[in-house]
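Residue numbers (the working numbering), protein chains in the order written: chain A, 15 to 291; chain B, 15 to 291; chain C, 15 to 291; chain D, 15 to 291.
Number of protein chains: 4
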Amino acid sequence: MAKTEKNVQPWRVMLSQIIFGSTTPAGKAFDVLLIVSIIVSVIVEMLDSVKSISAVYGDMLRAFEWGFTIIFTIEYILRIISVRYPWLYIKSFFGIVDVISVLPTYLALILPGTQYFLVLRLLRVLRIFRVLKLVKYLGEANFLITALIASRRKITVFLYAVMTIVIIIGSFMYVIEGEEHGFSSIPHSIYWAIVTLTTVGYGDISPQTPLGRAVASVVMILGYAIIAVPTGIVTVELSKAKEDSQSKRVCPQCKSNDHIERALYCKYCGTKLPVMV
Amino acid sequence: MAKTEKNVQPWRVMLSQIIFGSTTPAGKAFDVLLIVSIIVSVIVEMLDSVKSISAVYGDMLRAFEWGFTIIFTIEYILRIISVRYPWLYIKSFFGIVDVISVLPTYLALILPGTQYFLVLRLLRVLRIFRVLKLVKYLGEANFLITALIASRRKITVFLYAVMTIVIIIGSFMYVIEGEEHGFSSIPHSIYWAIVTLTTVGYGDISPQTPLGRAVASVVMILGYAIIAVPTGIVTVELSKAKEDSQSKRVCPQCKSNDHIERALYCKYCGTKLPVMV
Amino acid sequence: MAKTEKNVQPWRVMLSQIIFGSTTPAGKAFDVLLIVSIIVSVIVEMLDSVKSISAVYGDMLRAFEWGFTIIFTIEYILRIISVRYPWLYIKSFFGIVDVISVLPTYLALILPGTQYFLVLRLLRVLRIFRVLKLVKYLGEANFLITALIASRRKITVFLYAVMTIVIIIGSFMYVIEGEEHGFSSIPHSIYWAIVTLTTVGYGDISPQTPLGRAVASVVMILGYAIIAVPTGIVTVELSKAKEDSQSKRVCPQCKSNDHIERALYCKYCGTKLPVMV
Amino acid sequence: MAKTEKNVQPWRVMLSQIIFGSTTPAGKAFDVLLIVSIIVSVIVEMLDSVKSISAVYGDMLRAFEWGFTIIFTIEYILRIISVRYPWLYIKSFFGIVDVISVLPTYLALILPGTQYFLVLRLLRVLRIFRVLKLVKYLGEANFLITALIASRRKITVFLYAVMTIVIIIGSFMYVIEGEEHGFSSIPHSIYWAIVTLTTVGYGDISPQTPLGRAVASVVMILGYAIIAVPTGIVTVELSKAKEDSQSKRVCPQCKSNDHIERALYCKYCGTKLPVMV
């Protein structure tokens, strides 16, 4: 490690340690400052969208927004300069997020017309992805992510089943209830079926005919019961992930390390395992 | 296998491999094409139900619908021709689904009158069952289905209990709230009880009297708490299904049977485990 | 058994076997007939509450109601006559349910005035408790009930915590939102808090002020997260109940029968356990 | 214990036993009386907020409130007097709760003006914290609290992920739906996203555009599926807490440690287990 870094200028190494590292005091301070800046800039963005606040403090909020955009742009440039393989960083998930979090403000300048107003806001909203950077500061998330990845395929099957149910029931309800009760098209009825199956229940559309209500009752009870499926899947995987993280006994012979507490002999080479303290 | 197939014409064997099989390149291509066709035809059906789209592209969408119906009809005939025991296929679940997915379009021709319009649409909606054919492409579903079948009886008991609660509470609320607050009949009140117990909560009917609200509060907390029951049932069965799929090996010495697939020696007595087939 | 029954008349023994038993063909037929009668009478009751149906078939439905009431009354009397200890039956849960399921119709005769109309309906609704009799036909329910009884105390603590949260938040929301936004009193605000925490969300009352919405958001996320608690409790108890029902190996020495599959020696007396097939 | 208490006056020891202890008959009676008083005073507070009740019984309810406040104040003073280290009690959680539960009534005297009416009510509402004192009477809660503390960090990661999702989706919906459909600002849209993700679904704001409904559908299915995560976390921790409370015994021969309390011999090697204390 020390040998390969001789090729790099010392200031780049130091900059890299501050920006990318979080072990030195300067690196830690930088990280904390960055998180605070991100949160404040998101709050500024939110307040700017509130009419009554924007009318009074609009100019100040926009100044803040530009301030943060410039700071984050400089930070992005420093990251590219300091990192050893800039291209790897640029193409990485956080490299892309970093660009997306500053671009909208600049794009709003290039496209000034009122007609692009909505698009401009959509782009500005993307700045909020900046928040995603916080994720890397949380190591505990790995445990959850492992369990979710392990249950990925089962969750897909479950979502496919939910989709099929929702499309079929949505189509039926379109025929049963019809446009006069708010089920104006099949996609709209499918939306209703999702609202009902997930037990959200806005009530903006609700069945009016006895048959429609009977079908809705079945959908609700179904939705109420099948929530057990993803819950069961994730619980089983989390349980397994926990067990795996606990069994750390190492075989003195073959170095295998997935032995449960009760095991007396290595299951790979038959060597007697050391007694646990 | 090769011997018995001597009786069948070679082209039928080949056709069968393409249509029913998914191991040959041609069979795979056919399956992918079929899935894409099914999804597109369902989307066509959905778009046709949207007034604004139907007004402009109605003719085109109906042409598509006819195109898909004819293609699926030819496919159905080919399946009957190519399969060795046509009657077994026709009576099978997917044989029935295949017919149901083409019939509605033809039935709409035979019954033209306006008065059957609603019925006609109900029949057309059945075409969506075509989507169900996708299920067979997902092997991972077996695991979930096994767990659900194992918990079938307990889920039935749970659903029976839910039904009883809902009927009793629905009847009480009919008396407590009465027609002036929207609880116009016992079936309607039972519908409200289902909406509340499953935590859907449309809000199209909601209690207005203090006593009605007190009963509703009890129903809500009950619904919130008893969701634990199906969840617990499915979790336990999924957990068991996972364990069963993992531990099938028995130690010849100590008869312990919780050995993972990779294990070579018994972890309890150190005896070499028999090699897995 | 046979000896003690010599004291009873043979027809009482036979009647008892038909009414209470479900092992003889006659007993089974009686049970099935009873269940069908109960379900039909409940449906009659429901239909009678629907204005449009009651207007046309009212007389017929009331005749049915009286028919069922008389049949169930005769059944109740037969039960008292045939059973060996009538008082034990009358005081038992199902003895009380049996009386409650016939009384309302008779009470409606004694109290005829229009002013008691509502009370009369409340009494009639009680007939629906008849349905509860179905429970005894489901043996599988024991498993679930055992797990629920085992988790009884933890569920109580959970419900107590939910109650406390709901009362405190309801009171806060009463002050924050006030009567002008529908939070007209503390009990009413508590009702809203229950609607929100249990994720029912009718929408008949919803916060209007920014602070109220912030508190509501916290309540919703809380409700969304703490549902994990009853679910976890019941899952753990169900898992234990399942394990207990599986481990049926009996020690040849001390006859203890709660040995897990992996066990080699009896944990109570140290005797070697027989090898499992 | 007896030795150190010689320094204290006997009446203080006795008072302390009655107020803080719950082992002597007098201590038990005091505790029961206190719980009843707390519950009654909370009910009085609730009734006082109901307009129709307050108009008739207002004076009586306010007299009751003062009565309870004075009783609880005397109780608080007695606690300080009788306890050995008053300062420790005053700074403890329940010491603070005890003060908060009497202060609001007095503060309402010092600040009489109509303009402080709302603040006054907010202070009064705090009296409800008195209920929290009940918690200490429930020992079973420890089990649940242990499991929740163990899952604390994972729950935090989960809540952080939920927050990020809700902020991003809220911002997107603000742009997609806009003010004309009720999404009047980003904070308001985030409120909608929370209402939807937690499956509460008030329906006071609901998407009107096709794109908005598509995004809402994704949020609903996401909310429906990810509830599995906290449930899984808590279930695994509860399961572990249960196991830990059961298996504390280690076999001196084979070091296996999953022996239940009743076990006398190791189920793996037959060695006699040490007697439990």
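Even glycine gets a Cβ: it sits at the ideal position worked out from N, Cα and C.
By the Cβ criterion, the stretch 192-202 of chain B is in contact with the stretch 217-225 of chain B, since at least three pairs of Cβ atoms, one from each stretch, lie closer than 8 angstroms. A distance below 7 angstroms between beta-carbons, with the five flanking residues on each side excluded, links A230 of chain D to the following residues of its chain, in chain order: T210, P221. Y216 of chain B sits in coil when the DSSP states are folded into three classes, being neither helix nor strand. Straight across, the Cα-Cα distance linking V46 of chain A with C280 of chain B is about 51 angstroms. With contacts defined by Cβ atoms closer than 8 angstroms, S55 of chain C and F82 of chain C form a contacting pair. Separation of V243 of chain D and L162 of chain A (C-alpha to C-alpha, rounded to the nearest whole angstrom) is 9 angstroms. Looking at C:L75, C:G109, C:M234, the one whose alpha-carbon comes closest to that of M177 of chain D is C:M234.
For Y174 of chain B, no pairing in a beta bridge is given by DSSP. Using a CB distance cut-off of 8 angstroms, V250 of chain B counts as an interface residue toward chain C. Cβ atoms of V171 of chain D and L158 of chain A come within 8 angstroms of each other, at about 6 angstroms. Under DSSP, K286 of chain C takes part in a beta bridge, and its partners are C:Y279. Counting along the chain, no alpha helix (DSSP H) covers F34 of chain B, and no H or E run does either. Among the residues of chain B, those whose CB is under 7 angstroms from the CB of I208 of chain C are S231, M234, I235, following chain order. F186 of chain A and E191 of chain D have their C-alpha atoms some 28 angstroms from each other. Rounded to the nearest whole angstrom, the C-alpha separation of V180 of chain C and I110 of chain D is 21 angstroms. T285 of chain A and Y103 of chain D have their C-alpha atoms some 58 angstroms from each other. For G192 of chain B, the closest Cβ of chain D is not nearer than 8 angstroms. Rounded to whole angstroms, the gap between the alpha carbons of T213 of chain B and K254 of chain D is 30 angstroms. A straight line joining the alpha-carbon of Q31 of chain C with that of G41 of chain C spans about 6 angstroms. Straight-line measurement puts the Cα of K65 of chain A at about 24 angstroms from the Cα of V116 of chain A.
Assigned with DSSP and collapsed to three states, P201 of chain A falls in helix. CA-CA distance, K256 of chain A to V113 of chain D, rounds to 43 angstroms. Nearest to S51 of chain A by alpha-carbon distance, out of A:M28, A:P24, A:A69, A:I84, is A:I84. A Cβ-Cβ separation of about 40 angstroms leaves T245 of chain B out of contact with T119 of chain C under the 8 angstroms criterion. If you ignore the 5 residues before and after A207 of chain A, its C-beta comes within less than 6 angstroms of the C-beta of V180, I183, G184, all in its own chain and listed in chain order.
A residue is called buried when at least 16 other Cβ atoms come within 10 angstroms of its Cβ; M74 of chain C does not meet this threshold and is exposed. Interface annotation, T245 of chain A: in contact with chain C, CB-CB separation under 8 angstroms.
At a C-beta separation below 7 angstroms, Y90 of chain A has no neighbours in chain D, since its nearest C-beta there lies roughly 20 angstroms away.
8 angstroms or more divides the Cβ of I88 of chain C from the Cβ of Y238 of chain B. At a cut-off of 8 angstroms between beta-carbon atoms, T178 of chain B makes no contact with chain A. The continuous alpha helix (DSSP H) containing G81 of chain D extends over residues 65-96. Distances from the CA of L236 of chain B to each of C:L173, C:I200, C:R93 were compared; the closest alpha carbon is that of C:L173. Of the other Cβ atoms in all chains shown, fewer than 16 fall within 10 Å of the Cβ of S106 of chain C; this residue is therefore exposed. In its chain, beyond the 5 residues on either side, L61, L75 have a beta carbon closer than 8 angstroms to the beta carbon of I67 of chain B. For T223 of chain B, no chain D residue has a Cβ inside 7 angstroms of its Cβ, as the nearest lies near 13 angstroms away.
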